[in-house]
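J.:
Chains as they are written, first to last, in our numbering: chain L, 1 to 230; chain E, 231 to 273.
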């Protein structure tokens, strides 16, 4: 247990320096984009945030399936922690997107397929978190949340494919988007480095959040024990 | 540059705010658990 704590603590320090390196790569190493200028640098946080949100919601899906199969509350805690972190990163996507859209498109928001499906994704998982507050009994709450966690994941591939399926205001994919897509090598390095940093951050936040849920359950159990003794 | 600054400030405030919230919450809960465990042992 102590060894595992040391690994996580080391990872946190590595993350701190990696974040500083990522800022250096984004602001000083990566070249200025020709048409949009400096504001394009929002891309380095906007896209990795979307990746982490997708990853988090995929974790919710896996953990929810695992909970339904095993009824082990450990998976419910993992699903809840991932959903919470996913909503945080999805919020970042929904706020940094319009901040970037304003100077790039001249508007803050448009109801195109990508933006709308992303907003729906945020609403699904925000509801997932809210729903848990309405059910008292732990096992029933976990089961209901697992069902929402599985059904809600349907929107993730829709968000991802929306710019391929429909004509949107949102730009076409930068990677694997066909002819003319791709990044300058220096931009690519800054991007993938930041992507790795955000993925580590996701792992640390999810672990911490799951730890909080575990402690909350332990506390409730202790309260119950004390009530029985009295 | 104003938009870029606004976007980066938002990201950092949200991420560090959330991290701080989790750390504080975990530490409070751990203290409460320790207190309750001690009180159970006394009884």
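C-beta: ideal position from N, C-alpha, C; glycine also.
Here's the rule I'm using: 16 or more other beta-carbon atoms within 10 Å means buried, otherwise exposed. How should residue 163 (chain L) be labelled?
T.: Buried.
J.: Roughly how many angstroms lie between the CA atoms of residue 57 (chain L) and residue 128 (chain L), to the nearest whole one?
T.: Cα-Cα distance, rounded: 11 Å.
J.: Report yes if the CB atom of residue 143 (chain L) is closer than 7 Å to the CB atom of residue 135 (chain L), and no otherwise.
T.: In this structure, residue 135 (chain L) does not lie closer than 7 Å to residue 143 (chain L) by Cβ.
J.: Contact criterion: CB-CB distance below 7 Å. Does residue 271 (chain E) meet it with respect to chain L?
T.: Closer than 7 Å: no.
J.: Which residues in chain L have a C-beta closer than 7 Å to the C-beta of residue 241 (chain E)? List them in chain order.
T.: Here the neighbours are 45, 92 and 96.
J.: Output, in chain order, the set of chain L residues within a Cβ distance shorter than 7 Å of residue 255 (chain E).
T.: Correct list: 212.
J.: Could you give the residue range of the alpha helix (DSSP H) that holds residue 39 (chain L)?
T.: First-last for residue 39 (chain L): undefined, no H or E at that position.
J.: Find out if the Cβ-Cβ distance for the pair residue 99 (chain L), residue 233 (chain E) is shorter than 7 Å.
T.: Their beta carbons are under 7 Å apart, which means residue 99 (chain L) touches residue 233 (chain E) by this criterion.
J.: So what's residue 33 (chain L) in DSSP terms, helix, strand or just coil?
T.: The answer is strand: DSSP assigns residue 33 (chain L) an E or B state.
J.: Output the boundary residues of the alpha helix (DSSP H) element that contains residue 25 (chain L).
T.: Premise fails: residue 25 (chain L) is in no alpha helix (DSSP H) and is neither H nor E.
J.: So the candidates are L:82, L:220, L:111 and L:39; which of them puts its Cα closest to the Cα of residue 26 (chain L)?
T.: Residue L:39 is the option with its Cα nearest to residue 26 (chain L).
J.: Got a sec: which bits of the region 40–64 of chain L sit with their beta carbon under 8 Å from any beta carbon on chain E, in order along the chain?
T.: Answer set for the region 40–64 of chain L: 41, 42, 45, 46 and 49.
J.: Would you verify that the beta carbon of residue 99 (chain L) is, or is not, closer than 7 Å to some beta carbon of chain E?
T.: Yes, residue 99 (chain L) lies at the interface with chain E (some Cβ there is under 7 Å from its Cβ).
J.: Measuring CB atoms only, is the region 198–208 of chain L touching the region 11–19 of chain L, in the sense that at least three cross pairs come out at less than 8 Å?
T.: Yes, since at least three Cβ pairs between the region 198–208 of chain L and the region 11–19 of chain L fall closer than 8 Å, the two stretches touch.
J.: Verify the CB distance criterion: does residue 265 (chain E) have a CB-CB separation below 7 Å to chain L?
T.: No, because no Cβ of chain L sits closer than 7 Å to the Cβ of residue 265 (chain E).
J.: Check each candidate in L:148, L:166, L:55 and L:102 and name the one with the smallest Cα separation from residue 36 (chain L).
T.: It is L:102.
J.: Report yes or no: do three or more beta-carbon pairs, one from the region 212–222 of chain L and one from the region 243–260 of chain E, lie closer than 8 Å?
T.: The region 212–222 of chain L vs the region 243–260 of chain E: in contact.
J.: Name the residue from L:105, L:96, L:223 and L:119 whose alpha carbon lies nearest to the alpha carbon of residue 160 (chain L).
T.: Residue 160 (chain L) has its Cα closest to that of L:119, out of L:105, L:96, L:223 and L:119.
J.: Within the continuous alpha helix (DSSP H) that includes residue 110 (chain L), where are the two ends?
T.: Counting along the chain, residue 110 (chain L) falls outside any alpha helix (DSSP H), and DSSP gives it neither H nor E.
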